[in-house]
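Q: Have a look at this one before I ask anything.
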Amino acid sequence: MSRVRLLSDTLASQVAAGEVIERPASVVKELVENSIDAEARSIEIMIRRGGISLMRVTDDGIGMDRDDALLCLERHATSKIRSASDLASVATLGFRGEALPSIASVSRFRLATRERQAVAGSEVIVSGGKIETVRDGGEAPGTQIEVRSLFYNLPARRKFLRSENTETHNIEHQLYLQAIAHPEIAFSFVRDERLVFQLPATKNLRERIRDLLGSELLARLLEVEPAARGKLRVSGFIGQAGVSRASRAQQFVFVNGRAIESPVIGAALKEGYHTALMKGQFPVTFLFVGLDPAEVDVNVHPAKREVRFRDPAGVREAVVAAIRRTLESDRESWQEQFRAPASSPPGLPVFRPAPLASPLVTPSLDERQSSLSVEVENPAISTRRTAPNEQAQSEPQQFQILGVLNKLYVMMENAEGLVLVDQHAAHERILFEELRRRMEEKGAPSQRLLLPQVIELAPRDAEWIERNLATMQKMGLGVEKFGRHTFKLESLPPFLSGADPAHLLQDVIDSLKSASNSTSPLRLGEDMIAKTVCRHAVKANDYLREPEVEKLIRDLLACELPYCCPHGRPTMIQISLGELEKKFGRKV
Ligand code: ADP
Ligand code: MG
1076 MSRVRLLSDT LASQVAAGEV IERPASVVKE LVENSIDAEA RSIEIMIRRG GISLMRVTDD
1136 GIGMDRDDAL LCLERHATSK IRSASDLASV ATLGFRGEAL PSIASVSRFR LATRERQAVA
1196 GSEVIVSGGK IETVRDGGEA PGTQIEVRSL FYNLPARRKF LRSENTETHN IEHQLYLQAI
1256 AHPEIAFSFV RDERLVFQLP ATKNLRERIR DLLGSELLAR LLEVEPAARG KLRVSGFIGQ
1316 AGVSRASRAQ QFVFVNGRAI ESPVIGAALK EGYHTALMKG QFPVTFLFVG LDPAEVDVNV
1376 HPAKREVRFR DPAGVREAVV AAIRRTLESD RESWQEQFRA PASSPPGLPV FRPAPLASPL
1436 VTPSLDERQS SLSVEVENPA ISTRRTAPNE QAQSEPQQFQ ILGVLNKLYV MMENAEGLVL
1496 VDQHAAHERI LFEELRRRME EKGAPSQRLL LPQVIELAPR DAEWIERNLA TMQKMGLGVE
1556 KFGRHTFKLE SLPPFLSGAD PAHLLQDVID SLKSASNSTS PLRLGEDMIA KTVCRHAVKA
1616 NDYLREPEVE KLIRDLLACE LPYCCPHGRP TMIQISLGEL EKKFGRKV
């Protein structure tokens, strides 16, 4: 007796819905994407009780005639692709013809639609996948879809729904994605009869971000420096160094206009923000990656949330480079914040610092870190450092240093108010970049030990060291294989000379092992540098004299990413005169 049977259409749709329609937000996503594909200029979204009781999406798009209004509810009915070759260059958000039948099979569904020129529209009512009513309707041109009682006929699925608040939050996030991807479309969102947002259509992303998230956030964003590699374009806005969130909630990424979650791009963002974000924090991004549709497969995820790149490494590199360039480009305006106000009061010291060609660390800072400064005070470095700062040299910027608060915060005055610089964070950043630059150029310096040390390691560690000998060399650790699991340590970077070699080697292995698979050899060294400079940088409570303070500020301004220390903490904060006025009750 045969046991294989064809599923009924309704059941097949419900099965498909299991993949496409996870929760109310997936319904909103599919409906809004359909509206966008239908050339809508304005989309209204209304929900009740987290979308569980009602979701309604109304657009002013091209609408459908009676036949299409019925056909679109059939499985695999789509107007968007016709042949397999279309699949290679999908330009619409939808293409599978699965969303509407899936949604209609798990809800009470109403579709009202009218073409722009038609005299009358159509209304179709479906319950749990069964068409109940088809009639003429007198609605405005466009399409309105109402979805009530989601999963009413699938109690098991309904149980998986979260609280109304959570579902609302998911819907809202979905709408943010769509609104950011399409500033040219007006959006309004009503939740439980309350207007949540109303966004006018605009020509540019900047205005959309401001309307959606406020001008305060916008002020902390940088426009991505346009860059194209072949047909690959990266654009959008990203948070300044140090602007971060504890979750990915504001990490918006779009590939060819489609909001996606991509481990490739996620990793690239992390890499691009390297040393510009605190541990465990995520950047704020509105990042658009555009590439030849043939270079990306969008047909890999049921909700099309993920994509597959033909050349992930190329995408990664382009994103990293764009982020890097953009963060660094912020330097000039940031440096500007250190400028003394035009009308400096008489009597206060105004530093007119010497040109930048001087070595990084002043003699007295040297005394503090005698071992480290040997590294840093190197003519090759000093000359190299002048290059990016020629402008500054020709007309040195004037600072107004007011003093040092609590032997930690350098206080300065600028046109906007008070600037506070964390002397430890600033010095960390300076030393970090200096050492990293050296390492990139010629590897870290290395000093021979008087007595080479023979160190025995656990077999796995020994293996690791063997594979990473070249990296160790670059980091200034002269290690040689000596026996099966023993190594001879012959030299160390001078700034580590005080350490116990055996301990040090174990430290290096432990701290770098975890990162070894995905990171570049240089990055391994960087982590060590960051740790090292933290120990060697001036501390809170280290008393700096005036010329040292001034030198510190100068050197900080010359850094590639001066805004934060290598751990992503800010080096400087600004307290504006406006804030002070508010605090003193001069302004409300
Ligand atoms: P897909 O979007 O993958 O084509 P859907 O099931 O989402 O599949 O939609 C089926 C078809 O219904 C679409 O191809 C489109 O022709 C039509 N359609 C759906 N929503 C709208 C809308 N809001 N306006 C006009 N046509 C629509
Ligand atoms: Mg669709």
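Residue numbers (my numbering): 1076 to 1663. Glycine included, each C-beta is placed from N, C-alpha and C at the ideal position.
Whether or not the segment 1248-1257 and the segment 1223-1234 are in contact is what I'm after, with contact meaning three or more pairs of Cβ atoms, one per stretch, closer than 8 Å; do they touch?
A: The segment 1223-1234 vs the segment 1248-1257: no contact.
Q: What does DSSP give as the partner residue(s) for Glu-1097 in the beta ladder?
A: According to DSSP, Glu-1097 bridges with nothing at all.
Q: Taking 7 Å as the cut-off, is the CB of Leu-1402 close to at least one heavy atom of the ligand ADP?
A: The answer is no for Leu-1402.
Q: Any chance the CB of Ala-1256 is under 7 Å from a heavy atom of the ligand MG?
A: Every heavy atom of the ligand MG is 7 Å or more from the Cβ of Ala-1256, so no.
Q: So what's Met-1547 in DSSP terms, helix, strand or just coil?
A: It is helical.
Q: Could you name the residues that DSSP lists as bridge partners for Asn-1489?
A: Looking at the DSSP assignment, Asn-1489 forms a beta bridge with Gly-1492.
Q: Within the same chain, show all residues whose beta-carbon is closer than 6 Å to that of Lys-1104, passing over the 5 residues directly before and after it, in chain order.
A: Only Gln-1249 meet the Cβ criterion.
Q: Say yes only if the C-beta of Gly-1138 is nearer than 7 Å to one or more non-hydrogen atoms of the ligand MG, and no if none qualify.
A: No, the beta carbon of Gly-1138 sits no closer than 7 Å to any heavy atom of the ligand MG.
Q: Is the shortest distance between the beta-carbon of Ala-1537 and the beta-carbons of chain B less than 8 Å?
A: Checking the listed chains, one finds no chain B in this structure; it contains a single protein chain.
Q: Under the criterion of a Cβ to heavy atom distance below 7 Å, does Phe-1170 qualify as lining the ligand ADP?
A: For the ligand ADP, at least one heavy atom lies less than 7 Å from the Cβ of Phe-1170.
Q: Quick check on DSSP: helix, strand or coil for Ile-1604?
A: Looking at Ile-1604 - three-state DSSP - the assignment turns out to be helix.
Q: By the DSSP assignment, the alpha helix (DSSP H) with Gly-1653 in it spans what residues?
A: From DSSP, the alpha helix (DSSP H) with Gly-1653 extends over 1652-1658.
Q: As an exercise, report each continuous beta strand (DSSP E) stretch of at least 3 residues that is fully enclosed by the segment 1252-1285, in chain order.
A: If we require 3 residues or more, the beta strand (DSSP E) runs fully inside the segment 1252-1285 come out as 1261-1266, 1269-1274.
Q: Can we count Asn-1374 as close to the ligand MG, meaning its CB is less than 7 Å from some heavy atom?
A: Asn-1374: no, Cβ never under 7 Å from the ligand MG.
Q: Whose CA, out of Leu-1477, Ser-1566, Ile-1505, Glu-1601, lies closest to the CA of Arg-1620?
A: Among Leu-1477, Ser-1566, Ile-1505, Glu-1601, the Cα nearest to that of Arg-1620 is on Leu-1477.
Q: Who are the near neighbours of Arg-1308 in its chain, counting only those whose CB is closer than 8 Å to its CB and skipping five residues on each side?
A: Excluding positions up to five away in sequence, the list reads Pro-1301, Ala-1302, Phe-1363, Val-1364, Gly-1365, Leu-1366.
Q: Relative to the ligand FMN, is the shortest distance from any of its heavy atoms to the C-beta of Asp-1161 smaller than 7 Å?
A: With respect to small molecules bound, the structure shown includes the ligand ADP and the ligand MG and not the ligand FMN.
Q: Is it true that the segment 1089-1097 meets the segment 1174-1190, where meeting means three or more beta-carbon pairs spaced less than 8 Å apart?
A: With a cut-off of 8 Å, the segment 1174-1190 and the segment 1089-1097 count as touching, because enough Cβ pairs lie within range.
Q: Would you check if there are 3 or more beta carbon pairs closer than 8 Å linking the segment 1180-1194 to the segment 1132-1150?
A: Flag = yes, the segment 1180-1194 and the segment 1132-1150 touch.
Q: Just to confirm the assignment, what range does the alpha helix (DSSP H) spanning Lys-1345 have?
A: 1338-1347 is the span of the alpha helix (DSSP H), which, as asked, contains Lys-1345.
Q: Could you check the C-alpha separation between Ser-1238 and Gly-1125 for me, to the nearest Å?
A: So the alpha carbons of these two residues sit roughly 8 Å apart.
Q: Going by other Cβ atoms of all chains shown within 10 Å of its Cβ, with 16 needed for buried, is Arg-1098 buried or exposed?
A: Buried: at least 16 other Cβ atoms inside 10 Å.
Q: Any idea what DSSP makes of Asp-1372, helix, strand or coil?
A: DSSP places Asp-1372 in strand when its eight states are reduced to three.
Q: For Gly-1172, which of Arg-1183, Ala-1417, Ile-1156 has the nearest alpha-carbon?
A: Of the candidates Arg-1183, Ala-1417, Ile-1156, the one whose C-alpha sits nearest the C-alpha of Gly-1172 is Ile-1156.
Q: Write down the C-beta distance between Leu-1636 and Ala-1351 rounded to the nearest angstrom, noting that I regard them as a contact closer than 8 Å.
A: Confirmed, about 6 Å.
Q: Is it the case that the segment 1623-1642 contacts the segment 1518-1526, given that we only count it when at least three CB pairs across the two stretches are under 8 Å?
A: Result no; under three Cβ-Cβ pairs closer than 8 Å.
Q: For Lys-1657, which residues of its own chain have a beta-carbon under 8 Å away from its beta-carbon, when the five flanking residues on both sides are left out?
A: Excluding residues within five positions, the ones whose Cβ falls inside 8 Å are Val-1663.
Q: When you compare only the Cα positions, how much space is there between Glu-1346 and Val-1390?
A: Roughly 13 Å between the two C-alpha positions.
Q: Hey, would you say the C-beta of Ala-1174 is under 7 Å away from at least one heavy atom of the ligand MG?
A: Yes - the ligand MG has a heavy atom lying nearer than 7 Å to the Cβ of Ala-1174.
Q: Smallest Cα separation from Arg-1320: which of Glu-1336, Val-1271, Lys-1354, Ser-1310?
A: Selected option, being the one with the closest Cα: Lys-1354.
Q: Is DSSP giving Gln-1473 helix, strand or coil here?
A: DSSP places Gln-1473 in coil when its eight states are reduced to three.
Q: For Ser-1117, tell me which candidate among Thr-1133, Val-1102, Ser-1202, Gln-1326 has the shortest Cα-Cα distance.
A: Taking only the C-alpha atoms, the option nearest Ser-1117 is Thr-1133.
Q: With DSSP as the reference, identify every bridge partner of Ser-1197, one or two as the case may be.
A: According to DSSP, Ser-1197 bridges with Thr-1188, Asp-1211.
Q: Assign Glu-1298 to one of three DSSP states: helix, strand, or coil.
A: Strand.
Q: What residues in its chain sit with their C-beta under 6 Å from that of Ile-1648, if we drop five residues either side in the sequence?
A: Closer than 6 Å at the Cβ level, and outside the excluded window around Ile-1648, lie Leu-1495.
Q: Just reading off the alpha helix (DSSP H) that Ser-1180 is part of, what are its end residues?
A: Looking at the DSSP string, the run of the alpha helix (DSSP H) that includes Ser-1180 is 1174-1180.
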